[in-house]
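Enquirer: Take a look at this one; I'll ask things after.
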Amino acid sequence: MNSIIKVIIPAFNEEDAIPLVIRDIPKFVSEIVVVSNNSSDNTEIAAKKAGATVLKEPRMGYGYACLKGIEYIKNQEIKPDIIVFLDGDYSDYPENLTEIIDPILTDNIDLVIGARTKELREQGAMTLPQIFGNWLATNLMRLFFGAKFTDLGPFRAIKFSKLLALEMEDKTYGWTVEMQLKAIKKNYTYTEVKVPYKNRIGVSKVSGTVKGAIFAGIKILSWIFKYSFK
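Using the working numbering, you'd call the opening residue of the sequence shown number 421 and step up by one each time.
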């Protein structure tokens, strides 16, 4: 494979899961960047031991961690062609990265979302607030922007040059929807690939708490309404 592909994994207290995630990522990936988002366990040690580059981001927030990973890669001499974002909790199947990047390599698509469809989803892998939130957000995006997304799945791939052009800014829960909205506004080509999804290792920091679910919902909706008036 001639394309340079790098993976960014935001991780908060994922010491049990992170070695499994890294192990299952295809070997053609040039670099795996784990961003420890103020972890208080052995996530950083486990990730280094498994062969990843480890960065520290003390400011809590999914977006903060992703931005730290982007900044690190942006400053490298040789830039990647594709960036893949993947969670560190082992809820996705990292080996599906091959299918996620295929539309970019084969059809020159700009952005690919791994869609966690019901038929491929393990029972209990997504909570009811998550399922409803995805349904509401994607339907609003369809209504306001004519978008064809069915999910805000975190497992995604994007051309690195296109990612930089989005000028991502969300620091917390709105990261995924911000990327999708900005891609629509810039007329990027996009598609979804159906991916299996399983119960994560450990407790979710977002969907596992009422506060997390509420704040995530508010952030996602605020991005949608913000862009509907632009």
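Yeah, the Cβ is synthetic: ideal placement off N, Cα and C, and Gly gets one too. Everything numeric in this text was worked out from a predicted model, so none of it was measured.
If I'm right that E587 touches G508 with Cβ under 8 Å, what's the distance once you round it to whole angstroms?
Expert: Actually they are not in contact, since the Cβ atoms of E587 and G508 sit about 25 Å apart, beyond 8 Å.
Enquirer: Straight-line CA distance for I425 to I578?
Expert: C-alpha separation (whole angstroms): 10 Å.
Enquirer: How far does the beta strand (DSSP E) with L487 in it reach, from first residue to last?
Expert: From DSSP, L487 is part of no beta strand (DSSP E) but of the alpha helix (DSSP H) over 482 to 494.
Enquirer: What number of angstroms, rounded off, separates the C-alpha of I502 from the C-alpha of T473?
Expert: Roughly 17 Å between the two C-alpha positions.
Enquirer: Which same chain residues, not among the five before or five after L583, have their C-beta less than 6 Å away from its C-beta?
Expert: Taken in chain order, the residues that qualify are I503.
Enquirer: For M561, is the classification buried or exposed, using 16 other Cβ atoms within 10 angstroms of its Cβ as the cut-off for buried?
Expert: Per the 10 Å Cβ criterion, buried.
Enquirer: Can you tell me which of T592, P514, A603 puts its alpha carbon nearest to the alpha carbon of E477?
Expert: Considering only alpha carbons, the answer is T592.
Enquirer: How far does the beta strand (DSSP E) with I604 in it extend, from its first residue to its last?
Expert: From DSSP, I604 is part of no beta strand (DSSP E) but of the alpha helix (DSSP H) over 595 to 605.
Enquirer: Can you name, in chain order, every residue of its own chain whose Cβ lies under 7 Å from the Cβ of K621, other than the five neighbours on each side?
Expert: Correcting the residue type first, residue 621 is Ile in the shown sequence and not Lys. D436, A437, D509, Y510.
Enquirer: Using only alpha-carbon positions, find the residue among T570, P549, Q543 that is nearest to G534.
Expert: Nearest option by C-alpha distance: T570.
Enquirer: Assess contact between the segment 604 to 612 and the segment 516 to 531, defined as three or more Cβ pairs (one per stretch) separated by less than 8 Å. Is contact present?
Expert: Verdict: yes, contact present.
Enquirer: Hey, would you say A557 sits closer than 7 Å to L540, going by beta carbons?
Expert: In this structure, L540 does not lie closer than 7 Å to A557 by Cβ.
Enquirer: Output needed for D444: all residues of its chain with C-beta closer than 8 Å, excluding positions within five of it in sequence on either side, in chain order.
Expert: Here the set comprises Y513, P514, E515.
Enquirer: When you compare the segment 536 to 555 with the segment 463 to 470, are there three or more beta-carbon pairs, one atom per stretch, that lie closer than 8 Å?
Expert: The segment 536 to 555, when compared against the segment 463 to 470, does not touch it at the 8 Å Cβ threshold.
Enquirer: Name the DSSP beta bridge partners of S456, please?
Expert: Paired residues: A431, K476.
Enquirer: The beta strand (DSSP E) with I502 in it runs from where to where?
Expert: Run containing I502: 502 to 505, per the beta strand (DSSP E) assignment.
Enquirer: Under a three-way DSSP split, which group does T609 fall into?
Expert: Here T609 sits in coil by DSSP.
Enquirer: For T596, count the other beta carbons within 10 Å of its own beta carbon; 16 or more makes it buried, fewer makes it exposed. Which is it?
Expert: By the 10 Å Cβ count, T596 comes out buried.
Enquirer: According to DSSP, which residues form a beta bridge with Y647?
Expert: According to DSSP, which records beta bridges pairwise, Y647 is partnered with nothing at all.
Enquirer: Could you check the C-alpha separation between G628 and I529 for me, to the nearest Å?
Expert: Because G628 carries a pLDDT of 46, less than 50, the predicted location of this residue cannot be relied on, and no value is offered for it.
Enquirer: From the DSSP secondary-structure annotation, give me the bridge partner or partners of K426.
Expert: Its beta-bridge partners are E451, I503.
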